[in-house]
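Colleague: I am attaching a structure below and will ask some questions about it afterwards.
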Amino acid sequence: ETGVTQSPTHLIKTRGQQVTLRCSSQSGHNTVSWYQQALGQGPQFIFQYYREEENGRGNFPPRFSGLQFPNYSSELNVNALELDDSALYLCASSLRTAGEQFFGPGTRLTVL
Amino acid sequence: GENVEQHPSTLSVQEGDSAVIKCTYSDSASNYFPWYKQELGKGPQLIIDIRSNVGEKKDQRIAVTLNKTAKHFSLHITETQPEDSAVYFCAASREGSTLGRLYFGRGTQLTVWP
């Protein structure tokens, strides 16, 4: 059974640029949730995708957007990057919209 | 929304001692409480969870207790080992809802000294 994978591992961008992060869910999981983890903090919920639709969103602006594909993999897009967007971005997959979530290794984004 | 508080923020113990991390939550509708271990440079790993219909759950050296009335839950690690050193996060959510987002505490850095 393959776990949750994310790419890239690290990314450096400058303010104003756009970025796309990718996530492959664990085999058999149809739900993907994205979290932002700032240094020294707990993960904060960005949004969740279920059956290719956004199922819920946390307190993040519209420049954070996402997609889920028929194979349940997902993308997180961030436009107009700001310095405060520097963080570890985590993807978690689950069998359903609520319950156990399994995290990937994350993508470390640095905005200069 | 839900608010999860976690204490202590750092915890140092001698190898073989026990470690206890405590969390409180605010939303009485929360019914699912997972604990995650995050090692440096890695994503959080689910180590144990508890649901509101259970008061205690054990898995080898790890146990979690839940007090629904007081809205707090705790992680207990016995016979600690250096490889237990990591950041531990508690979380809360509503299982069975249409959106089971996890609300996390701020984490506890556990250091186990040999």
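Protein chains in written order, with the working numbering: chain F, 1 to 112; chain H, 1001 to 1114.
Idealized CB from N, CA, C, for every residue including glycine.
The structure displayed is predicted, hence computed values, not measured ones.
1. Using the Cα positions of PHE1104/H and PRO62/F, report the straight-line distance between them to the nearest angstrom.
2. Compare the C-alpha of PRO8/F against each of VAL78/F, CYS23/F, THR14/F, ARG15/F and name the closest.
3. Which class does ASP1049/H belong to by DSSP, given the choice of helix, strand or coil?
4. I'd like the list of long-range same chain contacts for GLU1015/H, defined as Cβ closer than 7 Å, with 5 residues on each side in sequence excluded.
5. Quick one: using the 10 Å Cβ neighbour count with 16 as the cut-off for buried, is VAL1087/H buried or exposed?
6. For VAL1054/H, count the other beta carbons within 10 Å of its own beta carbon; 16 or more makes it buried, fewer makes it exposed. Which is it?
7. LEU1110/H: which of LEU1066/H, TYR1025/H, TYR1036/H sits nearest, CA to CA?
8. Just to confirm before moving on: does the CB-CB distance between LYS1071/H and THR1108/H stay below 8 Å?
9. Note down, one range per segment and in chain order, each beta strand (DSSP E) of at least 3 residues found wholly within the region 33-91 of chain F.
10. By Cβ distance, which residues of its chain are closer than 6 Å to GLU1039/H, with the 5 residues on each side in sequence left out?
11. To the nearest angstrom, report how far apart GLY106/F and LEU1102/H are at their CA atoms.
12. Taking the straight line between their C-alpha atoms, what separation do you get for ILE1063/H and PHE1033/H?
13. Would you identify the three-state DSSP class for GLU1005/H, choosing helix, strand or coil?
14. Around the Cβ of ASN1031/H, are there at least 16 other Cβ atoms within 10 angstroms (buried) or fewer (exposed)?
15. Apart from the five residues on each side of it in sequence, which residues of its chain come closer than 7 Å, Cβ to Cβ, to ILE1048/H?
16. Using the C-alpha atoms, what's the distance from LEU1066/H back to TYR35/F?
17. Look at the Cβ atom of GLY104/F, then the Cβ atom of THR5/F, and state whether they are nearer than 8 Å.
18. Find the nearest neighbour of PRO43/F within the set VAL1004/H, SER1028/H, ILE1021/H, judged by alpha-carbon distance.
Modeller: This is what the structure gives:
1. Reading the second sequence from its first residue, position 104 is the one you call residue 1104/H. Reading the first sequence from its first residue, position 62 is the one you call residue 62/F. In a straight line, the C-alpha of PHE1104/H is about 22 Å away from that of PRO62/F.
2. Reading the first sequence from its first residue, position 8 is the one you call residue 8/F. When each option's Cα is compared against that of PRO8/F, the closest is CYS23/F.
3. For the purposes of this step, residue 1049/H is taken as the residue at position 49 of the second sequence. Strand at ASP1049/H.
4. Translated into positions along the second sequence, residue 1015/H becomes position 15. Only THR1080, GLN1081, PRO1082, VAL1112, TRP1113, PRO1114 meet the Cβ criterion.
5. Walking along the second sequence from the start, residue 1087/H turns up at place 87. Answer is buried; the Cβ neighbour count reaches 16.
6. In the second sequence, counting from the first residue as 1, residue 1054/H sits at position 54. VAL1054/H is exposed by the Cβ-count criterion.
7. For this step, residue 1110/H is matched to residue 110 along the second sequence. Among LEU1066/H, TYR1025/H, TYR1036/H, the Cα nearest to that of LEU1110/H belongs to TYR1036/H.
8. Residue 1071/H sits at position 71 when you count from the first residue of the second sequence. Residue 1108/H sits at position 108 when you count from the first residue of the second sequence. No, they are not a contact pair.
9. 44-50, 53-57, 64-68, 74-78
10. One-based indexing of the second sequence puts residue 1039/H at position 39. If we look at GLU1039/H and ignore the five residues flanking it on each side, its Cβ neighbours are ALA1086.
11. The sequence position of residue 106/F within the first sequence is 106, counting from 1. The sequence position of residue 1102/H within the second sequence is 102, counting from 1. Going by the C-alpha atoms only, they are around 16 Å apart.
12. By 1-based counting over the second sequence, the position of residue 1063/H is 63. By 1-based counting over the second sequence, the position of residue 1033/H is 33. Ile is not the amino acid found at residue 1063/H; the sequence shown has Ala there. Near 12 Å, if we compare the C-alpha coordinates of PHE1033/H and ALA1063/H.
13. Within the second sequence, residue 1005/H is the residue found at index 5, counting from 1. Looking at GLU1005/H - three-state DSSP - the assignment turns out to be strand.
14. The sequence position of residue 1031/H within the second sequence is 31, counting from 1. The residue is buried, with at least 16 neighbouring Cβ atoms inside 10 Å.
15. Along the second sequence, one-based indexing puts residue 1048/H at 48. If we look at ILE1048/H and ignore the five residues flanking it on each side, its Cβ neighbours are TRP1035, LYS1057, ASP1059, ILE1062, VAL1064.
16. Walking along the first sequence from the start, residue 35/F turns up at place 35. Walking along the second sequence from the start, residue 1066/H turns up at place 66. C-alpha separation (whole angstroms): 25 Å.
17. In the first sequence, the residue the question calls residue 104/F occupies position 104. In the first sequence, the residue the question calls residue 5/F occupies position 5. Result yes, Cβ atoms of GLY104/F and THR5/F sit closer than 8 Å.
18. Residue numbering aside, residue 43/F sits at position 43 when the first sequence is read from its first letter. The shortest Cα separation from PRO43/F among VAL1004/H, SER1028/H, ILE1021/H belongs to VAL1004/H.
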